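Trainee: Here it is, the structure in full.
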Amino acid sequence: MLQQPPLIVHVIHHLVIGGMENGLVNLINGLPAEAFRHAIVCIEEDSDFRDRLQRPDVEVIPLHRSKIGVMQLRRKLYQTFKSRQPAIVHSRNMSGLDAILPARLAGVPVRIHGEHGWDVNDLQGNHWKPALLRRLHAPLVSHYITVSEHLKTYLQQRIGVAAERITPIVNGVDTDHFQPASSAPDLFPTGFLPEQALIIGTVGRLQPVKDQATLVRAFAALRASSPQLHERLRLVMVGDGPMRAQLQALIDELQLANSTWLPGARDDVPELLQAMDVFVLPSLAEGISNTILEAMATGLPVLASQVGGNPELVRHGQTGALFAPGDVLALADLIKNYTNDPALLAQHADRARAIAVSEYSLETMVTRYQQVYESLLP
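Each residue of the sequence shown is one higher than the one before, counting from 3 in my numbering.
Below is the structure:
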């Protein structure tokens, strides 16, 4: 009887549309089927995002912590690990810490914990309680994976994890799926695009940590300072989330309704990126942004807040530019630079695509994860 490949149980907060979740799906789809089996445990819920998994044998297990409570959650985690006997449990971010002790008690030989960034309530990882929880769990973790050098430094300096226990692996992007278009796709509402439109865009969940409000205000400030751009400039913010109503109210207040489009969550993000001219990520905190990588692969210059792993991806003055989080006027000026200098926009766009292909391919990311998994297997 042939021995089955080792099982990896991935533990995440929820399986919904998001950068970390998309990275997990890409990883599972990319790893050789003969090397590993996979299951996904959701601390909260799953969604039809699971349909993006290409392997039919991946079990998805939602546990609904908010409904059953932490103690019952840990009991279910223990039972899940005990019954399935994974070789590796790979948890991610704060809520994933709940899985570390149950995995140890269930006899899971390898416990990997991934750090992908922080929440709006702890933008720099400075709050004492999350840091204490990380320190308490550190002796139970076999190895750490971070998506940026910034997060590796945090684990070393704030949590006290030895450097040799941490492997940084930058997220990868499918540079065939995300690539420049030969012609702009027609995806917009009738009458939305004027002649020679310049489309400023962003993609991401509409939540406080992503701070799309700064982009809306910068867009309004640019229009106010440059009336000649009124007819050309358009703003597109792809995604959905708890801030949608507030963002729409801000758009209405600033009289931007005719020049702004919020299409909600979409399945045609590659095509929407191809229709944009400049990509903006105004987040208050980031690990390594998948959307920056997707925009770069599409051949877009990127303007991003100088937080987390953003400076590791955006090369200031080469593939885009960085600005202080929340700095509306600085962002407006950076967008204006591109409106005044189309050659600069094209130069940064070409450089962004080249770097995405050479340094951030999906294949590179998958290979590095496989090397870490195989090195830790008993």
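We put the beta carbon where it would ideally sit given N, CA and C, even for glycine. Owing to the predicted nature of the structure, the values given are computational and were not obtained by experimental measurement.
1) So Val62 and Arg52 are in contact, right, with Cβ under 8 Å, and what is the actual spacing, rounded?
2) To which residues does DSSP link Leu264 through a beta bridge?
3) For His115, which residues in the same chain have their Cβ closer than 6 Å to its Cβ, ignoring the five residues on either side in sequence?
4) Unbroken beta strand (DSSP E) runs of length 3 or more, entirely within the segment 160 to 239: which are they?
5) Less than 7 Å between C-beta atoms, sequence neighbours within five positions excluded: which residues of the same chain meet that for Asp59?
6) With C-beta atoms as the reference, is Pro170 less than 8 Å away from Trp263?
7) Using only the alpha-carbon positions, how far apart do Val149 and Ala267 sit?
8) Apart from the five residues on each side of it in sequence, which residues of its chain come closer than 8 Å, Cβ to Cβ, to Leu249?
9) What is the rounded straight-line gap between the Cα of Val304 and the Cα of Arg236?
10) With DSSP run on the structure shown, which of helix, strand or coil describes Pro272?
11) How long is the line joining the alpha carbons of Leu324 and Ala306, rounded to whole angstroms?
12) If you scan the segment 67 to 117 from start to end, which runs of the alpha helix (DSSP H) of 4 or more residues do you find wholly inside it?
13) What residue does the alpha helix (DSSP H) around Arg353 start on, and which one ends it?
14) Which residue spans inside the segment 290 to 322 form an unbroken alpha helix (DSSP H) run of at least 4?
15) Could you give the distance in angstroms between the alpha-carbon of Thr366 and the alpha-carbon of Lys338?
16) Going by beta-carbon coordinates alone, are Met364 and Gly174 separated by less than 8 Å?
17) Tell me whether Val211 is buried or exposed, calling it buried when 16 or more other Cβ atoms sit within 10 Å of its Cβ.
18) May I ask which residues mark the beginning and end of the beta strand (DSSP E) holding Glu23?
19) Under 8 Å between the Cβ atoms of His152 and Gly311?
20) Identify which residue in Ser261, Ile290, Arg57 has its Cα closest to the Cα of Ile202.
21) Determine the burial state of Asn28: buried for a count of at least 16 other Cβ atoms within 10 Å of its Cβ, exposed for fewer.
22) Just confirm the distance between the C-beta atoms of Gln198 and Arg234, as a whole number of angstroms; I'd bet it's less than 8 Å.
23) Quick check on the burial criterion: 16 or more other C-beta atoms within 10 angstroms. Buried or exposed for Arg225?
24) Could you work out which residue in Met278, Leu189, Thr177 is closest to Thr204 when comparing CA atoms only?
25) Could you tell me which residues DSSP pairs with Leu324 in its beta bridges?
26) List the endpoints of the continuous alpha helix (DSSP H) containing Val374.
27) Once DSSP output is grouped into helix, strand and coil, what is the label at Val60?
28) Grab the span of the alpha helix (DSSP H) containing Ile45 for me, first residue to last.
29) Helix, strand or coil: how does DSSP classify Leu65 here?
Mentor: Inspection of the coordinates gives the following:
1) 5 Å
2) Per DSSP, none; premise fails for Leu264.
3) Ser93, Val143, Tyr146
4) 168 to 170, 200 to 205
5) Arg39
6) no
7) 24 Å
8) Leu208, Gln214, Ala215, Val218, Met239, Leu264
9) 16 Å
10) helix
11) 5 Å
12) 67 to 70, 72 to 86, 95 to 98, 102 to 107
13) 344 to 361
14) 292 to 300, 312 to 315
15) 35 Å
16) The residue you asked about is not Met; residue 364 is Leu in the sequence shown. Against a cut-off of 8 Å, the Cβ pair of Gly174 and Leu364 comes out as a contact.
17) buried
18) Not the beta strand (DSSP E): Glu23 falls in the alpha helix (DSSP H), residues 21 to 32.
19) yes
20) Ser261
21) buried
22) 6 Å
23) buried
24) Met278
25) Ala306
26) 364 to 378
27) coil
28) Taken as a continuous stretch (DSSP letters only), Ile45 belongs to no alpha helix (DSSP H), as it is neither H nor E.
29) coil
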